[in-house]
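Here is the structure we will look at.
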Amino acid sequence: MASMGKKPGIFHRAGDMIERARNWMKEYAYLVTIMAVIAIIAASAMYTRHVREESGVQAAAGAPEVGQKPEETKQPLPESTPMPTLAPLVPREMAVLSSAGAVMPVSGEVLRGFDEGVPVFWEALGCWQVHDGVDIAGKADEQVSCARDGVVRRTVRDDLWGWRVQVEQTDGSIAEYAGLAVCEVAAGQSVTRGQALGTLLLQIPCEAEEGPHLHLTLTMPNGKKADPLTMLPES
């Protein structure tokens, strides 16, 4: 009977040992898991640093503390892009047209004057419209002379006007010579008063009722039309 009373004590001690062993295994497994996570994090950090060093990517610099002056930062300040320097604006006064030194472009008299406000009847076109230039009579194939010095800005062949030559004069105004059969100058060419620009048509298609003549217009630097007679010598 005495031997039978010792068996429960032995079993009880064995159970305690098993429970302690089980708890120890749990703690060991927990520690192993933590160490593995730490190792993975450390390995990832080392790999990322290695990749950045090889690719030349640098970590962003930390922001300076509040109140720190720009010159105290470790990173140099980026250079600002300078604003473009503009040339000083010089107001350009509108030149006063003068007939001094000008020449008549063709030999005839004025057939139709300048009138930008009152429409006139254009027989060849069969309509009423303003006449923003002057028509000066000439002869077919007569030379058309440049009235004043300037630079040829444009030459164009027009079905209604024949050749049209635009000359920017020294005062900035634009004189256009229309009704040419032949154009003898080119855009960008400098011309002087008396120089031949071309020759007259037998008739300008849109002003055929007037016979051979030059249709001359004048545009001021502000874009407004003006009477071309103000730049020509008095007849």
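When the letters of the sequence shown are read in order and numbered with the working numbering, they come out as residues 25 to 259. Glycine is no exception: its CB is placed at the ideal position from the N, C-alpha and C atoms. Values in this document were obtained by computation on a predicted structure and should not be read as measured data.
CB of residue i within 8 Å of CB of residue j, strictly
{"i": "valine 158", "j": "valine 134", "result": "yes"}
{"i": "cysteine 170", "j": "leucine 253", "result": "no"}
{"i": "histidine 237", "j": "glycine 132", "result": "yes"}
{"i": "leucine 225", "j": "alanine 205", "result": "yes"}
{"i": "leucine 242", "j": "alanine 199", "result": "yes"}
{"i": "glycine 174", "j": "isoleucine 228", "result": "no"}
Close Cβ partners of residue i (< 7 Å) along its chain, the five nearest in sequence each way excluded
{"i": "glutamate 140", "result": "Val154, Asp156 and Lys249"}
{"i": "valine 209", "result": "Val176, Thr179, Val189, Val215 and Leu221"}
{"i": "alanine 211", "result": "Val176, Arg177, Arg178 and Thr179"}
{"i": "proline 143", "result": "Trp152, Gln153 and Val154"}
{"i": "leucine 233", "result": "Here the sequence assigns glutamate to residue 233, which means leucine is not the residue at that position. These residues qualify, in order along the chain: Glu147 and Ala148."}
Contacts around residue i, its chain only, beta-carbon distance under 8 Å, and the 5 residues preceding and following it disregarded
{"i": "glutamine 92", "result": "For glutamine 92, the predicted structure reports a pLDDT of 49, less than 50, and the residue's modelled location is therefore unreliable. A value from the coordinates is still provided. Cβ neighbours of glutamine 92 beyond the five flanking positions: none."}
{"i": "alanine 126", "result": "Ala171, Arg172, Arg217, Met255, Leu256 and Pro257"}
{"i": "cysteine 207", "result": "Thr179, Arg181, Trp187, Val189, Leu221 and Gly222"}
{"i": "cysteine 230", "result": "Trp146, Ala148, Leu149, Leu184 and Trp185"}
Segment limits, beta strand (DSSP E) that includes residue i
{"i": "aspartate 139", "result": "139-146"}
{"i": "lysine 161", "result": "In the sequence as displayed, the identity of residue 161 is alanine instead of lysine. Alanine 161 -> beta strand (DSSP E) spans 157-161."}
{"i": "serine 169", "result": "167-169"}
{"i": "valine 134", "result": "134-136"}
Proximal residues to residue i (C-beta, below 6 Å), its chain only, five neighbours per side dropped
{"i": "alanine 161", "result": "Gly132, Glu133, Leu135 and His237"}
{"i": "arginine 44", "result": "none"}
{"i": "threonine 57", "result": "none"}
Per the contact definition of three or more C-beta pairs closer than 8 Å, is the segment 149-158 in contact with the segment 185-197?
-> Verdict: no, contact absent.
Can you list the beta strand (DSSP E) stretches of 3 or more residues lying completely in the segment 172-250, in chain order?
-> Under the rule that a run must span 3 or more residues, the beta strand (DSSP E) segments found entirely inside the segment 172-250 read 174-182, 186-193, 198-207, 220-224 and 237-243.
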